[in-house]
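**Student:** Residue numbers (this note's numbering): 63 to 631. Cβ coordinates follow ideal geometry from the N, Cα and C atoms, glycine included. Since we're looking at a predicted model, the values are computed, not measured. This is the structure, below, for whatever I ask next.
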């Protein structure tokens, strides 16, 4: 509850107004049976006083109008409050993603995370809205009806109060059965989201291996488990309302019988009994609704806990000190060790000095640790031991933002936001002029293509836009990093999706960009790093060789084998 209260307390004033409207709703609703009872007594026990009857009917109309208007206003306020809370929770959950260690994202699927931020927040919001709309009003209704019933007859009221808890016992028993099922249902829903996200994102691979039937069968299994769990949860939860209604019907019958007996004895009037039966019905109705709300709240709380678990994850460590020292591109690694899991070291005892303006290439077989080493230099993961310094300043003593603003990365997988080409480029430098943007796009040989688009630089890029090829998207990523003009460049096979003719032109642009800059190049095609100042050869998380291209060939070591395996023909 403390987790929820943290978000609710911000809107205490709106909730107070909602509570006031609840009082209006309850008082006006409970006053209606009083008026109706008086009308019945006028018609039965005495000569009909039409003026008095007219006055009562006017009062009845006004009372009902107050009820309707109050309910409408309360719903508006509760909707406004719950959606604001939903917005706050979703914003906090998404903001948390920016502060989590990458290890958390590595261990959780995209579908699982998006399910928490979108679906779980929506489900929690629905439960919260139902709680706001029913709990306040129903609790006040229970208290109000007891007061009105006591005012009519204490004996019948005691009968009602003794029998009514039976419906609560039934509701509690059923809700205990549904909680576990709702937890399972929420987990399976997350599995479905993750699986569909994975398959849709890699549909071409599914087609190329003719895996449509297998993927469909796998989804069918998960979907079947979800269906079975959902049916069980729905079965038990749907029992709540009918079961409590049966109990309430028994209560109502007992009250009517007992009330009829005391009417015969002239202890109360027929109008009073009519009012009492109306109150008895209103008294049991909140128990029905609250029992239904409890079931929905259980599901909402399960989903809410998943979101709050995400929000309350420990933030990645980040120093607050800004790197004030002028960055020229000097990086040093001293006895660096790192592992993704505690039982298996991945980077072992790497010591390395990278000097300003130096062009350093990382080569080695797949899985040898090239990209991981780059991730450590970018401070994406904490070290197990050792240290990394920039200009002699330890990474652990400076903020990640002030460190990374000196780096520029072009990865093998291009990523562009669903905004215009110009906005994508301005991610690198928000105040860049149009002339500067055009200049870097010309250097990357992408300007002419952009000009041919219907809206030029204002063309919106879509995730699966067939009008822009993968290579062209990568050229835009290269242009973006050129616009940033950082002191340290990291290129992870940045030209892998570009045709050979364009690659030669872009490589010349890179050569110009890398002048007087420290450059780290992850290379799979060794032809792209022949002119590197230093080539680091990695294997099994270690640097086993280093030197210039010709020197490494002359040594006839592992690099020699790698190189010849690519060019043996």
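Within 8 Å, do at least three Cβ pairs link the segment 373 to 386 to the segment 185 to 201?
**Tutor:** No: fewer than three Cβ pairs fall under 8 Å.
**Student:** Note down the Cα distance separating residue 192 from residue 497, rounded to an integer number of angstroms.
**Tutor:** Taking the straight line joining both Cα atoms gives about 55 Å.
**Student:** What runs of the alpha helix (DSSP H), each 4 residues or longer, lie entirely inside the segment 491 to 550?
**Tutor:** Entirely contained in the segment 491 to 550, the alpha helix (DSSP H) runs reaching 4 residues are, in chain order, 496 to 505, 509 to 514, 532 to 546.
**Student:** Could you name each continuous beta strand (DSSP E) segment of 3 residues or more that falls completely within the segment 220 to 305, going from the start of the chain to the end?
**Tutor:** The qualifying runs do not exist here; there are none.
**Student:** Within 10 Å of its beta-carbon, does residue 71 have 16 or more other beta-carbons around it, so buried, or fewer, so exposed?
**Tutor:** Answer is exposed; the Cβ neighbour count stays below 16.
**Student:** Within its chain, find whatever has a CB closer than 6 Å to the CB of residue 553; leave out the 5 residues flanking it on each side and keep chain order.
**Tutor:** The residues are 472, 583.
**Student:** Going by CA-CA distance only, name the one from 335, 457, 182, 316 that's closest to residue 366.
**Tutor:** Minimum Cα distance to residue 366 is reached at 182.
**Student:** How about residue 426 and residue 549: are their beta carbons less than 8 Å apart?
**Tutor:** No, Cβ-Cβ distance for residue 426 and residue 549 is not below 8 Å.
**Student:** By Cβ distance, which residues of its chain are closer than 7 Å to residue 166, with the 5 residues on each side in sequence left out?
**Tutor:** So the qualifying residues of the chain are 375.
**Student:** What residue from 532, 522, 506 has the CA that sits closest to residue 540's CA?
**Tutor:** Residue 540 has its Cα closest to that of 506, out of 532, 522, 506.
**Student:** One question on the structure: do residue 151 and residue 122 come within less than 8 Å of each other, judged by their Cβ atoms?
**Tutor:** No, the Cβ-Cβ distance between residue 151 and residue 122 is not below 8 Å.
**Student:** Evaluate residue 322 with the Cβ neighbour count: other Cβ atoms within 10 Å of its Cβ, from every protein chain shown; 16 or more gives buried, anything less gives exposed.
**Tutor:** The residue is exposed, with fewer than 16 neighbouring Cβ atoms inside 10 Å.
**Student:** Thinking residue 610 and residue 591 are a contact (beta carbons under 8 Å), I'd like their distance in whole angstroms, please.
**Tutor:** Not a contact, Cβ separation roughly 10 Å.
**Student:** Which residues in the same chain as residue 393 place their Cβ atom closer than 6 Å to its Cβ, once the five residues preceding and following it in sequence are excluded?
**Tutor:** Hits under 6 Å: 416, 452.
**Student:** So, are the CB atoms of residue 211 and residue 224 less than 8 Å apart?
**Tutor:** Cβ distance not < 8 Å, so residue 211 and residue 224 don't count as in contact.
**Student:** DSSP state of residue 580, grouped into three classes?
**Tutor:** Note: residue 580 maps to strand in three-state DSSP.
**Student:** For residue 608, list the residues DSSP reports as bridge partners.
**Tutor:** In DSSP, residue 608 forms a bridge with 598.
**Student:** Just to confirm my understanding: we take residue 659, look at its own chain, exclude 5 residues before and 5 after, and list those with CB closer than 8 Å. What are they?
**Tutor:** There is simply no residue 659 to check, as the chain begins at 63 and stops at 631 in what is shown.
**Student:** Assuming residue 257 and residue 173 make a contact with CB atoms under 8 Å, what is their CB distance in whole Å?
**Tutor:** About 7 Å separates the two Cβ atoms, so the contact holds.
**Student:** On the three-state DSSP scale, how would you describe residue 473?
**Tutor:** Note: residue 473 maps to coil in three-state DSSP.
**Student:** Could you pull the DSSP bridge partners for residue 423 from this structure?
**Tutor:** The partner list for residue 423 (beta bridge, DSSP) reads 583, 597.
**Student:** Where do the N-terminal and C-terminal ends of the beta strand (DSSP E) with residue 451 fall, by residue?
**Tutor:** Note, residue 451: beta strand (DSSP E), 447 to 452.
**Student:** Where does residue 403 fall in DSSP's three states?
**Tutor:** The answer is strand: DSSP assigns residue 403 an E or B state.
**Student:** Which residues mark the beginning and the end of the alpha helix (DSSP H) in which residue 150 is found?
**Tutor:** Its alpha helix (DSSP H) spans residues 112 to 159.
**Student:** Need the endpoints of the beta strand (DSSP E) that residue 414 sits in, please.
**Tutor:** Counting along the chain, the beta strand (DSSP E) containing residue 414 begins and ends at 409 to 416.
**Student:** Specify whether the segment 247 to 256 and the segment 274 to 294 touch according to this definition: at least 3 beta carbon pairs, one from each stretch, less than 8 Å apart.
**Tutor:** The segment 247 to 256 vs the segment 274 to 294: in contact.
**Student:** So, under 8 Å CB-CB, residue 447 and residue 397 are touching, yes? Tell me the CB distance rounded to an integer number of Å.
**Tutor:** The Cβ separation is near 7 Å, so the contact holds.
**Student:** If you follow the alpha helix (DSSP H) that residue 174 is in, where does it begin and where does it stop?
**Tutor:** That run of the alpha helix (DSSP H) goes 172 to 177.
**Student:** Do you know offhand how far residue 625's Cα is from residue 608's?
**Tutor:** Near 14 Å, if we compare the C-alpha coordinates of residue 608 and residue 625.
**Student:** Assuming contact is defined by CB atoms lying nearer than 8 Å, are residue 228 and residue 309 in contact in what I supplied?
**Tutor:** For residue 228 and residue 309, yes; Cβs fall inside 8 Å.
**Student:** DSSP puts residue 398 in a beta bridge; with which residues?
**Tutor:** Per DSSP, 412.
**Student:** Can you look up residue 481 in the DSSP assignment and give me helix, strand or coil?
**Tutor:** Of the three classes helix, strand and coil, the one that applies to residue 481 here is coil, per DSSP.
**Student:** Below 8 Å on the Cβ atoms is my guess for residue 213 versus residue 324; work out the distance and round it to an integer in Å.
**Tutor:** In fact, because the Cβ distance is near 15 Å, the residues do not count as touching under 8 Å.
**Student:** Could you work out which residue in 66, 410, 338, 189 is closest to residue 361 when comparing CA atoms only?
**Tutor:** The shortest Cα separation from residue 361 among 66, 410, 338, 189 belongs to 189.
**Student:** For a cutoff of 8 Å on Cβ pairs, would you count residue 152 as touching chain D?
**Tutor:** Any reference to chain D falls outside this structure, which holds one protein chain only.
**Student:** In the DSSP assignment, find the unbroken alpha helix (DSSP H) run with residue 433 in it and report its ends.
**Tutor:** 432 to 439 is the span of the alpha helix (DSSP H), which, as asked, contains residue 433.
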